[in-house]
Amino acid sequence: SAQAPRLHLQSVGKHRPPYSRELEMKTTLQELLIYIIFLTDLCICKFINDYFSHIYYENLLLGVAQIRQLKVRNNTCSVYPYFRIFLKDCYHEYRSASEDKSEFGLKNGSAWNYSPASSLAPWHWGFIGLYSSGGYIFTLPKSKNESIQKLAYLRKNDWLTRGTRVVFVDFSMYNANINLFCVVRLVVEFPATGGALPSWQFYSVKLLRYITYYDYFLASCEVIFCLFVFTFIIQELIKLKKMKTEYFKSAWNWLDMLLPTNLLSLLMENLLSNAYAYPDFYFLAYWQIRYNNMIAVNVFFAWIKIFKYISFNKTMTQLSSTLSRCAKDIIGFAIMFFIIFFAYAQLGYLVFGSQVDEFSTFQNCIFTQFRIVLGDFNFATIEKANRILGPIYFITFVFFVFFVLLNMFLAIINDTYSEVKADFAVIPSQEFEITDLIRQSYNKALVKLRLKKSKMEDVYPAGSMKRSDHTQADFSFSLTFSNSFESTYLTSKYNPVSEKQFEREREKNWLGLSFLCYKGATPKSTEVVLCN
1 SAQAPRLHLQ
11 SVGKHRPPYS
21 RELEMKTTLQ
31 ELLIYIIFLT
41 DLCICKFIND
51 YFSHIYYENL
61 LLGVAQIRQL
71 KVRNNTCSVY
81 PYFRIFLKDC
91 YHEYRSASED
101 KSEFGLKNGS
111 AWNYSPASSL
121 APWHWGFIGL
131 YSSGGYIFTL
141 PKSKNESIQK
151 LAYLRKNDWL
161 TRGTRVVFVD
171 FSMYNANINL
181 FCVVRLVVEF
191 PATGGALPSW
201 QFYSVKLLRY
211 ITYYDYFLAS
221 CEVIFCLFVF
231 TFIIQELIKL
241 KKMKTEYFKS
251 AWNWLDMLLP
261 TNLLSLLMEN
271 LLSNAYAYPD
281 FYFLAYWQIR
291 YNNMIAVNVF
301 FAWIKIFKYI
311 SFNKTMTQLS
321 STLSRCAKDI
331 IGFAIMFFII
341 FFAYAQLGYL
351 VFGSQVDEFS
361 TFQNCIFTQF
371 RIVLGDFNFA
381 TIEKANRILG
391 PIYFITFVFF
401 VFFVLLNMFL
411 AIINDTYSEV
421 KADFAVIPSQ
431 EFEITDLIRQ
441 SYNKALVKLR
451 LKKSKMEDVY
461 PAGSMKRSDH
471 TQADFSFSLT
481 FSNSFESTYL
491 TSKYNPVSEK
501 QFEREREKNW
511 LGLSFLCYKG
521 ATPKSTEVVL
531 CN
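Residue numbering for the sequence shown follows full-length UniProt numbering, starting at 1 and increasing by one per position.
Listed below in structure tokens is the structure:
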């Protein structure tokens with residue numbers, strides 16, 4: 001047997017303890033599947049009854065494991081004429097158009113007959129291909145011995161062929177202690193170049209949402225959120241009806257349209273009706289992950305929308321004005337930047353693609369160059385691949401992209417910010433400071449609660465003699481000039497004005513103060529000094 005030489009070599013070498021859980025390299029797919037699913041650490045220990053299996057004593061195995069493969073047809077690629085006498089078969093890399101769906105082998109059962117995929121079943125994006133959700137499928141029994149026998153039976157009848165391009169091993173577990181499902185997918189891809197590329201996916205998702213009291217509290221929050229979204233949609237529709245085409249000219253309105261999204265509801269009923277069948281939890285986990293991603297994007301845009309409400313602040317107004325004013329310059333610069341950037345990416349792909357993993361694909365080249373800009377790159381790898389072009393590529397890329405183009409980008413933003421800041425210095429911003437809004441709301445609340453006197457009560461104390469309507473009108477007029485002086489005085493501290501504007505404001509304020517002193521109204525502390 002294949003195991004005899006290996007056991008003999010283990011006994012000859014260094015002494016090992018009689019019981020070891022060390023994972024060893026396996027040479028056949030049968031041994032690989034057995035050790036993937038039935039490792040000593042992950043053995044199915046039946047300690048409750050014969051109908052439920054547990055992994056690590058805490059994780060319930062849901063149903064059984066499923067194994068699926070996808071194949072390509074023969075002669076899906078062309079062989080060079082001079083080699084056709086040596087090579088009669090040709091199996092191309094996996095494509096949906098070249099997928100083999102015909103019967104093969106024993107031609108009985110789902111293991112030998114193609115099972116089509118449902119329309120909503122997600123495809124798998126592997127290292128070297130995008131694979132459909134159909135294929136040749138069989139399930140493993142719950143017993144380890146029966147599973148070994150079934151794998152040996154399939155191996156004996158050549159279930160795996162030269163046309164096999166990928167094998168999936170899927171199973172699911174549930175941990176009641178933390179109310180989480182773990183959906184496991186183990187993948188082995190067989191590229192057209194030969195060899196095997198293993199990979200895996202572990203999805204830990206919460207599919208049973210409402211169990212504890214805290215879950216029901218979250219449910220109430222979700223109801224409130226749904227009501228808010230419903231109200232928000234109605235408001236946006238009313239705004240769209242009033243503004244019509246003008247509604248779409250604002251970037252904030254486009255952001256508002258992205259926020260309300262449709263929620264996905266997934267049902268799990270009847271999935272566990274047969275404990276000896278494979279429950280497709282991967283379908284649920286996949287769409288649950290997509291749903292979580294959708295929520296993440298919505299939360300991101302909700303945070304971005306905060307900029308709309310903090311534009312009352314002078315600093316934030318300057319920043320937003322800077323970005324909007326230099327948008328055209330940045331777009332023009334971005335075109336020039338990406339022309340040079342993609343040129344270097346193409347150069348790196350052609351020179352280092354066959355030797356350096358970071359440049360193996362054009363997409364990897366793009367991400368690698370972003371890493372070079374951030375300083376996260378191993379220069380020795382490209383130097384080893386090409387001692388002449390490697391250093392030249394690295395030095396010229398850093399010089400032109402990092403030292404020249406990025407500094408041009410910063411110069412555009414700095415120059416625009418200086419212009420905006422100068423404009424705000426000459427022309428005072430009419431935006432209402434949010435701090436002023438909060439201060440006024442706070443003062444009004446204190447006045448209504450009788451915790452603070454209003455300006456009228458400060459000038460006319462309680463019990464004082466009544467003034468005529470003419471006197472009160474004069475006071476109101478003078479108080480308006482007083483408030484205008486205070487507003488101009490506070491604003492001038494933060495927004496410098498031109499000389500003409502300053503002279504005009506000063507004359508207006510002196511006129512108001514003179515009128516105030518002439519009428520004999522009680523001035524404030526600052527006005528007493530000016531009147532005297």
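All C-beta atoms, glycine included, are put in the ideal place defined by N, C-alpha and C. If you're wondering where the values come from, they're calculated on a predicted model, not measured in any experiment.
Roughly how many angstroms lie between the CA atoms of residue i and residue j, to the nearest whole one?
i                 : j                 : result
serine 143        : phenylalanine 86  : 45 angstroms
asparagine 407    : methionine 336    : 14 angstroms
lysine 241        : threonine 231     : 15 angstroms
lysine 244        : leucine 237       : 10 angstroms
leucine 62        : valine 184        : 11 angstroms
isoleucine 372    : phenylalanine 362 : 15 angstroms
phenylalanine 389 : glutamate 358     : Note on identity: in this sequence residue 389 is leucine, with phenylalanine being the wrong assignment. Going from the Cα of leucine 389 to the Cα of glutamate 358 covers about 16 angstroms.
histidine 92      : glutamate 189     : 14 angstroms
leucine 319       : asparagine 298    : 24 angstroms
alanine 196       : threonine 416     : 55 angstroms
serine 418        : threonine 315     : 13 angstroms
tryptophan 200    : serine 324        : 45 angstroms
isoleucine 178    : threonine 322     : 49 angstroms
threonine 139     : alanine 152       : 14 angstroms
leucine 180       : lysine 156        : 39 angstroms
lysine 444        : tryptophan 303    : 30 angstroms
arginine 439      : phenylalanine 202 : 53 angstroms
phenylalanine 402 : tryptophan 125    : 34 angstroms
valine 72         : tyrosine 210      : 45 angstroms
isoleucine 339    : phenylalanine 370 : 14 angstroms
proline 192       : tyrosine 286      : The residue you asked about is not proline; residue 192 is alanine in the sequence shown. Distance between the alpha carbons of alanine 192 and tyrosine 286 is about 28 angstroms.
glutamine 355     : aspartate 376     : 19 angstroms
isoleucine 306    : threonine 381     : 45 angstroms
alanine 176       : valine 205        : 12 angstroms
tyrosine 174      : tyrosine 213      : 21 angstroms
isoleucine 395    : phenylalanine 409 : 20 angstroms
lysine 421        : lysine 328        : 19 angstroms
alanine 117       : tyrosine 94       : 17 angstroms
leucine 374       : valine 426        : 39 angstroms
glycine 105       : aspartate 158     : 7 angstroms
asparagine 292    : phenylalanine 225 : 16 angstroms
serine 220        : tryptophan 123    : 35 angstroms
valine 351        : valine 398        : 17 angstroms
phenylalanine 129 : lysine 239        : In the sequence under discussion, the amino acid at residue 129 is glycine, which differs from the phenylalanine named in the question. In a straight line, the C-alpha of glycine 129 is about 46 angstroms away from that of lysine 239.
Using DSSP's beta-bridge definition, name the partner residues of residue i.
i              : result
asparagine 175 : Asn59 and Leu180
tyrosine 203   : Val183
glutamine 235  : Partner(s): none; glutamine 235 has no beta bridge.
arginine 68    : Ile137 and Phe168
leucine 197    : Glu189
Could you name the residues of the same chain whose beta carbon sits closer than 8 angstroms to that of residue i, not counting the 5 residues immediately before and after it, in chain order?
i              : result
asparagine 113 : Glu103, Lys107 and Tyr136
glutamine 346  : Phe362 and Cys365
serine 110     : Tyr136, Ile137 and Phe138
threonine 164  : Gln69, Leu70, Lys71 and Phe190
Only counting the same chain, and skipping five residues up and downstream in sequence, which positions put a Cβ closer than 6 angstroms to that of residue i?
i             : result
arginine 68   : Gly135, Ile137 and Phe168
proline 141   : Ser147
lysine 384    : none
valine 79     : Leu87 and Cys90
valine 166    : Leu70, Tyr131 and Glu189
threonine 76  : His92 and Ser98
leucine 405   : Phe337
lysine 101    : Tyr114
aspartate 423 : none
Can you list, in chain order, the residues of its chain whose CB lies under 7 angstroms from that of residue i, leaving out five sequence neighbours each side?
i                 : result
tyrosine 349      : Phe359, Phe362 and Cys365
isoleucine 330    : Ile412
arginine 162      : Asp89 and Tyr91
glutamate 222     : none
leucine 208       : Asn179
phenylalanine 341 : Gln369 and Val401
cysteine 326      : Ile412, Ile413 and Thr416
lysine 150        : Leu140 and Pro141
glycine 353       : Phe359 and Ser360
Three or more C-beta pairs under 8 angstroms: does that hold for the region 278-293 against the region 162-173? Yes, the region 278-293 touches the region 162-173.
Fully enclosed by the region 395-432, which alpha helix (DSSP H) runs are 4 residues long or longer? List check, alpha helix (DSSP H) in window: 406-426.
Of all the beta strand (DSSP E) runs that stay within the bounds of the region 86-169, which reach a length of 3 or more residues? 136-139
Whole runs of the alpha helix (DSSP H) within the region 285-352, excluding any shorter than 4 residues: Fully enclosed alpha helix (DSSP H) runs of 4 or longer: 306-309, 314-325 and 327-352.
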